[in-house]
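Notes follow once the structure below has been shown.
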Amino acid sequence: MLEVSDLNAWYGKSHILRGVNFHVKEGEIVSLLGRNGVGRSTTVKTIMGEVEPKGSILFKGKQIAGKKSYEIAQLGIGCVPENRDIFPGLTVRQNLLLGMKSRKGSSRWNMEEMFRMFPNLGERADVHGGVLSGGEQQMLCMCRTLMGDPELIMIDEPTEGLAPKVVEQVGLLLQEIASRGVSILLVEQKLTIAMRISHRLYVMGHGQIVYEGTPASLLQADEVRREWLEV
Amino acid sequence: MIEVLIFATLNGLVTGLLLFMLASGLTLIFSMMGVLNFAHASFYMLGAYFAYSISLYTGFWPALIIAPILVGLVGALVERYGLRRVHKSGHVAELIFTFGLAFLIEEAVQFFWGRSTMNYRSPDILNFPLFTLFGQNFPAYKAFMIFISVSIFIGLYYVLTRTRIGIIIQAAITHPNTVANLGHNVPFIFMAVFGAGSGLAGLAGVIAGPVLTTFPGMAVVLGSIVFVIVVIGGLGSLGGALVASLLIGLLQSYAIASNLGMPDLLNLLGVSFASDHPLNDIWRLTLPQIAPILPFLLLVLVLIFRPSGLFGKRES
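Protein sequences appear in the order of chains A and B. FYI, the numbering for the first sequence is 1 to 231, going by our numbering. FYI, the numbering for the second sequence is 232 to 547, going by our numbering.
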């Protein structure tokens with residue numbers, strides 16, 4: 001589904017991504033782990049076309065490196081950014097409406113379903129997004145991206161700053177997404193959800209992939225966890 | 232007295248709503264680009280000239296439709312092939328570009344149509360007094376101007392707040408990257424908004440041309456007041472632009488209609504000056520005389536007491 005090879009990216013003269021290699025298969029949940037500043041979010045932004053890439057990014061066998069963000073989204077990649085960029089002045093319903101793409105066809109998701117899955121959002125459908133709690137905003141942001149019916153969804157730190165109960169909800173949603181055949185690239189600093197739901201995971205350090213394995217193998221790799229993950 | 236008040240209010244409404252047609256486009260474009268488009272009033276002028284030329288062949292009504300579309304297309308091309316390239320060089324470059332464009336359009340208008348005033352007139356079908364009150368006529372064409380402006384306002388409000396495309400525009404203005412990540416072609420949206428804003432200015436020119444005369448200086452005359460409006464209303468606020476447009480329109484209209492002057496005020500305070508006083512001209516100023524500078528006076532007051540404007544959301 002997604003194959004990233006020798007991906008490099010710069011912010012000005014700072015070389016952030018230094019030859020990143022990884023792949024995500026169809027229907028797979030893959031986590032990209034690592035401490036702050038190792039280039040996890042930059043990897044997502046680069047795939048999404050927000051940062052200029054050097055290297056290869058293949059999506060469904062098609063080269064997308066250098067394409068514009070909206071073209072990449074239209075091809076079927078969804079992105080839930082780290083900062084939960086909901087539109088505060090628009091209502092919950094309008095936020096979800098924005099996620100829909102103009103192309104016709106049957107989507108895996110619709111608004112009624114979202115409201116059934118998250119009654120909180122349904123009850124507050126006509127409330128401005130800006131007044132929702134952090135957890136509700138996170139759910140709204142994920143639902144909004146799903147409305148575009150992506151085949152691959154990249155989610156950057158979805159559990160950051162959320163209460164344990166809401167983290168559980170996020171975990172359940174991610175599993176629901178995967179059960180419908182959508183691939184997930186989960187970007188996380190903490191291991192909580194990633195270890196439980198991922199099929200495979202990568203650990204990043206200094207702008208490169210430093211470890212590739214399964215949750216079970218990472219559990220055994222004490223040195224990797226100590227060196228690259230634990231704070 | 233009452234007839235003066237009624238007609239001044241109606242005339243103020245005509246001017247205010249006309250100004251809003253320009254200010255609304257300018258506000259949308261400002262929210263999008265982050266800089267004021269100095270060439271905005273030039274699109275208003277182009278609207279009047281295009282409509283004049285088209286009306287020579289087709290009459291007023293087809294020109295009312297075709298001219299704003301043409302101006303909108305010119306605006307879209309300016310954004311696509313001019314502003315979008317200049318944008319990479321920053322806001323100062325954008326400002327200078329729009330400033331230069333305003334001069335370019337003015338020179339082009341003089342080149343193609345000459346320096347004299349055009350004989351652009353309102354359609355015969357609207358050349359009658361709509362009603363007569365206290366012996367004074369209210370022209371049907373002015374009512375038509377109010378009708379067009381109010382329709383545009385309602386249409387704009389409906390599109391921006393009730394339709395999906397309006398929601399996308401609102402979101403793209405404040406969060407362009409997020410909207411692009413959702414698969415919407417943001418550069419195209421910006422081009423369309425710039426084109427629509429220019430088209431609105433063009434439409435204002437089409438309907439104002441016959442009343443305010445069509446001449447090469449018409450952009451400068453109205454342009455400066457439109458900038459005053461968007462600053463008073465609060466940069467980026469559409470509601471503020473409406474309130475400020477009506478405020479300025481009514482203020483000027485009441486000032487012109489009034490007979491008040493400095494001598495009346497001074498007499499009230501029991502002060503009088505000899506007619507050979509060196510500052511006699513100042514003491515004898517009347518409100519209609521200072522009406523043209525009132526918007527700028529209001530601008531100074533707003534900038535002193537509320538620098539972000541009446542409904543301003545952003546500081547810059």
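All C-beta atoms in this analysis are idealised placements derived from N, C-alpha and C, irrespective of residue type, glycine included. Since the model is a prediction, treat every value here as computed from it, not as a measurement.
Query: Chain A contact for MET232/B (CB, 8 Å cutoff); Result: no
Query: Through-space distance from GLY426/B to VAL305/B, alpha-carbon basis; Result: 7 Å
Query: 7 Å CB neighbourhood of ASN36/A in its chain, flanking five on each side removed; Result: GLN189
Query: Chain B residues whose Cβ lies nearer than 8 Å to that of CYS143/A; Result: Here the premise fails: no neighbours, minimum Cβ distance about 12 Å.
Query: Cβ contact check for the segment 283-296 of chain B and the segment 464-475 of chain B: 3 or more pairs under 8 Å; Result: no
Query: C-beta atoms of ILE438/B and MET376/B nearer than 8 Å; Result: yes
Query: DSSP beta-bridge partners of GLY414/B; Result: According to DSSP, GLY414/B bridges with nothing at all.
Query: Touching by the beta-carbon criterion (3+ pairs, under 8 Å), the segment 42-58 of chain A and the segment 3-10 of chain A; Result: yes
Query: The ligand COA heavy atom lying under 7 Å from the CB of LEU482/B; Result: As presented, the structure is devoid of all ligands, the ligand COA included, so that no description of it is given.
Query: Euclidean distance between Cα positions of ARG180/A and GLY135/A; Result: 23 Å
Query: For ASN511/B, the first and last residue of its enclosing alpha helix (DSSP H); Result: 511-514
Query: Three or more C-beta pairs below 8 Å linking the segment 239-253 of chain B and the segment 474-494 of chain B; Result: yes
Query: Contacts around PRO81/A, its chain only, beta-carbon distance under 7 Å, and the 5 residues preceding and following it disregarded; Result: ASP156
Query: Neighbour list for TYR70/A in chain B, Cβ cutoff strictly below 7 Å; Result: ALA411, GLY414, HIS415, ASN416 and VAL417
Query: Collapsed DSSP secondary structure at LEU172/A in the structure displayed; Result: helix
Query: Chain B within 8 Å of PRO53/A, Cβ atoms only; Result: no
Query: TYR11/A, DSSP secondary structure in three states; Result: strand
Query: 8 Å Cβ cut-off: residues of chain A touching HIS406/B; Result: ASP85 and PHE87
Query: Endpoints, the beta strand (DSSP E) within which GLU151/A is located; Result: Run containing GLU151/A: none; DSSP gives neither H nor E here.
Query: Counterpart residues of GLN483/B in DSSP-defined beta bridges; Result: Answer by DSSP bridge pairing: none, since GLN483/B is not bridged.
Query: For ARG93/A, the first and last residue of its enclosing alpha helix (DSSP H); Result: 92-99
Query: Whether ILE209/A touches PHE22/A by CB criterion (8 Å); Result: yes
Query: Other residues of its chain near SER547/B: CB distance less than 7 Å, five sequence neighbours each side excluded; Result: Reliability fails at SER547/B, whose pLDDT of 42 lies under 50, so the model's placement of it is uncertain and the value that follows must be treated cautiously. Result list for SER547/B: empty, nothing under 7 Å.
Query: DSSP beta-bridge partners of PHE22/A; Result: VAL4/A
Query: Any 3 or more C-beta pairs closer than 8 Å across the segment 215-229 of chain A and the segment 266-285 of chain B; Result: no
Query: Burial state of ARG537/B (16 or more Cβ within 10 Å); Result: exposed
Query: Option nearest PRO441/B by Cα separation, candidates GLN341/B, VAL417/B, ILE463/B and THR348/B; Result: THR348/B
Query: Rounded straight-line distance, which links the Cα of SER429/B to that of ILE336/B; Result: 13 Å
Query: Expected contact under 8 Å - CB spacing of ILE197/A and GLN169/A to nearest Å; Result: Not quite, the Cβ-Cβ distance comes to about 13 Å (not below 8 Å), so this is no contact.
Query: Limits of the unbroken beta strand (DSSP E) element including GLU188/A; Result: 183-188
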